[in-house]
Amino acid sequence: MIYHDSIKKQSDTMNITINGEVIAVNEQMKLSEFVELRLSGKEPRGIAVALNDMIIPKSKWNETALNENDNVEIVHAVQGG
Amino acid sequence: MSNLIIAGKEFRSRLIVGTSRYPDPHTMMQALEASGTDFITVSIRRLNLKSADGQESIMNMIDRKKYSILPNTAGCFTAKEAVLTAQLAREALETNWVKLEVIGDDETLFPDVTELLKAAEQLLADGFIVLPYCNDDPITCRKLADMGCAAVMPLGAPIGSGMGIRNPYNIQIIRDLIDIPVIVDAGVGTASDAALAMELGVDGILMNTAIAGAEHPVKMATAMKLAIEAGRLAFEAGRIPKRLYAKASSPVEGMINS
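Chains D and B supply the protein sequences, listed in that same order. Per numbering that gives the first Met the number 0, the very first residue in the first sequence carries number 0; after that it's consecutive. Per numbering that gives the first Met the number 0, the very first residue in the second sequence carries number 0; after that it's consecutive.
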């Protein structure tokens, strides 16, 4: 397997791409914990989460496990035309 | 004046307004108010997770009892991107309405018709109410209507160009050919462009830059409200036919003779 150069793979972490950026997180992390950490205390209101191009409804975050090299997108509504 | 109805939902205004590129949020809120709109567009973008001063969610400013929300898929180049963006929008905003935009390139922002049709088909199958931004091409519009889109939104001119209605004859043919609402989306530069489009019989206009980019956005929003009302009323009133020669408006009988 090939890992991002700048990120040393450690035995107890996995690489996750979040909004285009690769980060290392603890293994066996659930999507709910991951989103909570990323939002750093902000309310998860008005946001949507996709895991590997699939929408994961908020009700399923708790039962969704993250795996090595998963791609997560967290989006919200902004001004647009 | 009759009201705009899309997919069974009745709107107070025939003007749909974008929320981008205003000088500041306060001006945007005032312009929305002045425009009389009750239907506004938003975009879906990545949340800035690094800094607290990232782009704020527009939903913190918007009263959803006052404004219906139309999320767009702006910036998407493929059906795949557009479908995923629409699904994210549905999850984030709890609406199955989408302004479907699939563009062909950055310079013209013209729609990519093959990708647009593909995306429309997938989103309709997934239960979305689809309002596609499309070319002023009657055949594409008819295909989108036949598929089950709730409205078609042909461009008047390129997005943000302010060039007005470059092909009024096509817009008229589109209006004649299909039974669902026709919304002119993009191209309007000033009030007369909006009035002209409405006089052609279209059901509404979606605009953003014409208002947001005006020197005085709130004044322009008022101008657009009045132009759209005037244009619609003129259409419903039924204009006189054009003729090459004069026709006296004062009676000819009873003239004094010298």
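Glycine residues also receive a C-beta, built at the ideal position from the N, C-alpha and C atoms. Just so it is clear, the structure is predicted and the values come from calculations on it, not from any experiment.
Per DSSP, residue 82 of chain B lies in no beta strand (DSSP E) segment; the continuous alpha helix (DSSP H) that holds it begins and ends at 78-92. Against residue 56 of chain D, the close residues of chain B are 90, in the order they occur along the chain (beta-carbon pairs closer than 9 Å).
Taking a Cβ-Cβ cut-off of 7 Å, the neighbours of residue 72 of chain D in chain B comprise 45, given in sequence order. In this chain, residue 215 of chain B is not harboured by any alpha helix (DSSP H), its DSSP state being neither H nor E. Taking a Cβ-Cβ threshold of 7 Å, the residues of chain D close to residue 70 of chain B are 76, in chain order. With a threshold of 9 Å between beta carbons, residue 18 of chain D makes contact with chain B. Proximity of residue 48 of chain D to chain B, defined by a Cβ-Cβ separation below 9 Å, is satisfied. Per DSSP, residue 168 of chain B is one residue of the alpha helix (DSSP H) stretching across 167-176. The Cβ atoms of residue 71 of chain B and residue 106 of chain B lie no closer than 9 Å to each other. Residue 31 of chain D is outside the set of residues whose beta carbon lies under 9 Å from a beta carbon in chain B. Judged by beta-carbon spacing, residue 207 of chain B lies within the 9 Å limit of residue 40 of chain B, meaning their Cβ atoms are closer than that value.
Separation of residue 185 of chain B and residue 103 of chain B (C-alpha to C-alpha, rounded to the nearest whole angstrom) is 15 Å. Counting only residues of its own chain and dropping the five nearest sequence neighbours on each side, residue 211 of chain B has a CB closer than 6 Å to the CB of 20 and 21. Counting only residues of its own chain and dropping the five nearest sequence neighbours on each side, residue 121 of chain B has a CB closer than 8 Å to the CB of 78 and 82. Legend: CB atoms of the region 12-41 of chain B lying less than 8 Å from CB atoms of chain D belong to residues 17, 18, 19, 20, 21, 27, 40 and 41. The secondary-structure analysis by DSSP pairs residue 70 of chain D across a beta bridge with D:16.
Contact annotation for residue 57 of chain B against chain D: 76, 77 and 78 [CB-CB distance below 7 Å, chain order]. Scanning its chain for C-beta atoms nearer than 6 Å, with the 5 sequence neighbours on each side dropped, one finds around residue 33 of chain B the residues 217, 220 and 221, in chain order. When rounded, the separation of the alpha-carbon atoms in residue 34 of chain D and residue 12 of chain B is 39 Å.
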